[in-house]
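Q: Pasting a structure below so you can have a look.
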Amino acid sequence: MVPPIVLEENIGRDCMCRNIKTLFNFEPPATEDEIHASALQFVRKLSGFNRPSQANEAAFDRAVAEVSEAARKLLTSLHTHAPARDREVEAERAKERSRLRFG
1 MVPPIVLEEN IGRDCMCRNI KTLFNFEPPA TEDEIHASAL QFVRKLSGFN RPSQANEAAF
61 DRAVAEVSEA ARKLLTSLHT HAPARDREVE AERAKERSRL RFG
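Every letter in the sequence shown is one number past the one before it in full-length UniProt numbering, and letter 15, counting from 1, is 15.
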């Protein structure tokens, strides 16, 4: 199964995206902003909050920071013999799949 890809224009927006972008084994490597955006999407999905209330803001922000750190550690510890994927090529493939699926 091919991992889902989130379009770049959705990163950092105030939206609750259904998919989290694959970050491992790309050239150039994932940026801190991409890791944070994926962590934010993950916490939004788990909590069901696009934006938390003031009462939940500290817990929400702490969860995003902890997930970001865990993701960063994971990405730096993973190894593969496969060649790194090109972001532009993968984006074009995703656009083509979307075009075929939705017309």
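Cβ coordinates follow ideal geometry from the N, Cα and C atoms, glycine included.
For SER98, does the count of other Cβ atoms within 10 angstroms reach 16, so buried, or fall short, so exposed?
A: With fewer than 16 other Cβ atoms within 10 Å, it is exposed.
Q: Going straight from the alpha carbon of SER77 to that of GLU92, what length do you get?
A: If I take the Cα positions, the gap works out to 28 Å.
Q: Do you know offhand how far residue 104's Cα is from THR22's?
A: Since the first residue shown for the chain is 1 and the last is 103, residue 104 is missing from the structure and cannot be characterised.
Q: Verify whether the separation of the beta carbon atoms of ILE35 and ARG72 is less than 8 Å.
A: Taking 8 Å as the Cβ cut-off, ILE35 and ARG72 qualify as a contacting pair.
Q: Just to confirm, are PHE60 and SER68 a CB contact at a threshold of 8 Å?
A: For PHE60 and SER68, no; Cβs fall outside 8 Å.
Q: If ASN25 and ALA84 are in contact, beta carbons under 8 Å, what's the gap, nearest whole angstrom?
A: The pair is a contact, with the Cβ atoms about 5 Å apart (cut-off 8 Å).
Q: May I have the straight-line CA-CA distance separating GLU27 from PRO52, to the nearest angstrom?
A: Their backbone Cα atoms lie some 34 Å apart in a straight line.
Q: Pick from LEU100, HIS79, ASP86 and ALA65: whose alpha carbon is nearest that of GLU32?
A: Of LEU100, HIS79, ASP86 and ALA65, the residue nearest in Cα terms is ALA65.
Q: At the level of alpha carbons, what is the spacing between VAL89 and LEU100?
A: Rounded to the nearest angstrom, the two C-alpha atoms are 17 Å apart.
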